[in-house]
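Colleague: Read in order, the letters of the sequence shown are residues 5 to 285 in our numbering.
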Amino acid sequence: MRETTSTSHVALVTGANQGIGAATARALAARGVAVLCAYLRPPHSTQGTQGTQGTGQGDAPDRYHAARSTDGEEVAAEIRRAGGRAEAFEADLRDPAVPERLFDLAEDRLGPVDILVNNASGWVQDTFTPDPADRFGRPLRPVTAETWSRQFSVDAMAPALLIGELARRHRARGADWGRIVGLTSGGELGFPGEVSYGAAKAAQTDYTLSAAAELADLGITANVVRPPVTDTGWVTDEVRRFVAASATHFHVADPAEVAKTIVFLASDEAALITGNVITLR
């Protein structure tokens, strides 16, 4: 796993028990970054809690459900066995007190956070249509206050509070280097079939781009990555056929491939890249 000598950087990665979050935690650690793996395992058979990438539950394969139930400590322990520094902490980002607690924990055990990766999602598939399922057979739910609240609290409120906490502590200690990377989904016409998810991700994108402008004088860059269809365990043969026939989806990616872009944006080499939404295909 080890690629470079250790650095003084500390990353907070949310949704880091599986998928893109876990791959990002491992890749950052391989570059010598200490990592706090924040995560939340879903209650049994409950749809749409943190750690997903907004695509796929319903009849997804068992490996997807198993991945989402992974204890984040397994990822942290793997990093430590490879010679890195990592801690794991399970917390519900719907609680507005959690961001401050995560930064306190990171500072106590690893050092001040200067890399923030907002990866966790409160995904649930809601819609304005009466259809009971989408094209892949995944169940659709009507938009309700509960589906809206779950997704906006995790995908929009929590990233905003985490960015604010990073900025506040960054200023207080006189730091001059920082990186923020968010993850988004959807497009110019929203996200039909996943409407609250798309709207919440759009809000997070706006927060992140605002941070790029407001925090530039502190040496902080802020960018958003829009991953392609990424196989975190949910991708079926039908999904692969859909991607192959699509004019806008070019690849089914592995989480580690997406993590490479995130890690680059969190590096010294990406100092001039800020205020961007980077679409991977």
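Built from N, CA and C at the ideal position, the CB exists for glycine as well.
Computed from a predicted model, the values in this text were never measured in an experiment.
Can you give me the Cβ contacts of residue 219 inside the same chain, cut-off strictly under 6 Å, excluding the 5 residues immediately before and after it?
Modeller: Once the five neighbours on either side are set aside, the close Cβ partners of residue 219 are 171.
Colleague: Suppose you measure from the CA of residue 225 to the CA of residue 133; what does that come to, to the nearest Å?
Modeller: Whole-angstrom Cα-Cα distance: 39 Å.
Colleague: Starting from residue 18, follow its DSSP beta bridges and name the residues at the other end.
Modeller: DSSP, once it has assigned bridges, lists 42 as partnering residue 18.
Colleague: Using 8 Å as the threshold, is the segment 39-47 in touch with the segment 74-82, meaning 3 or more CB pairs across them?
Modeller: Yes: at least three Cβ pairs fall under 8 Å.
Colleague: Could you name each continuous alpha helix (DSSP H) segment of 4 residues or more that falls completely within the segment 190-233, going from the start of the chain to the end?
Modeller: The qualifying runs are 199-218.
Colleague: If residue 14 sits next to residue 117, beta carbons under 8 Å apart, how far is it from one beta carbon to the other, in whole angstroms?
Modeller: Contact holds; Cβ gap of about 5 Å.
Colleague: Using 7 Å as the threshold, is the C-beta distance between residue 27 and residue 39 below it?
Modeller: No, the Cβ-Cβ distance between residue 27 and residue 39 is not below 7 Å.
Colleague: Can the beta-carbon of residue 199 be found closer than 7 Å to that of residue 278?
Modeller: No, they are not a contact pair.
Colleague: How many angstroms separate the CA atom of residue 87 from the CA atom of residue 120?
Modeller: So the alpha carbons of these two residues sit roughly 22 Å apart.
Colleague: At 4 residues or longer, what runs of the alpha helix (DSSP H) sit wholly inside the segment 110-181?
Modeller: Counting whole runs of 4 or more residues, the segment 110-181 contains the alpha helix (DSSP H) stretches 149-156 and 162-176.
Colleague: Please tell me whether residue 151 and residue 145 are closer than 7 Å, where the distance is taken between their beta carbons.
Modeller: Yes, Cβ-Cβ distance for residue 151 and residue 145 is below 7 Å.
Colleague: Are the CB atoms of residue 186 and residue 163 nearer to each other than 7 Å?
Modeller: Yes, Cβ-Cβ distance for residue 186 and residue 163 is below 7 Å.
Colleague: Within the continuous beta strand (DSSP E) that includes residue 91, where are the two ends?
Modeller: 90-94 is the span of the beta strand (DSSP E), which, as asked, contains residue 91.
Colleague: Go through its chain and collect everything with a Cβ distance to residue 11's Cβ below 8 Å, but skip five positions before and after it.
Modeller: Around residue 11: 35, 36 and 37.
Colleague: The beta strand (DSSP E) that contains residue 283, what's its start and end?
Modeller: Element bounds for residue 283: 281-283.
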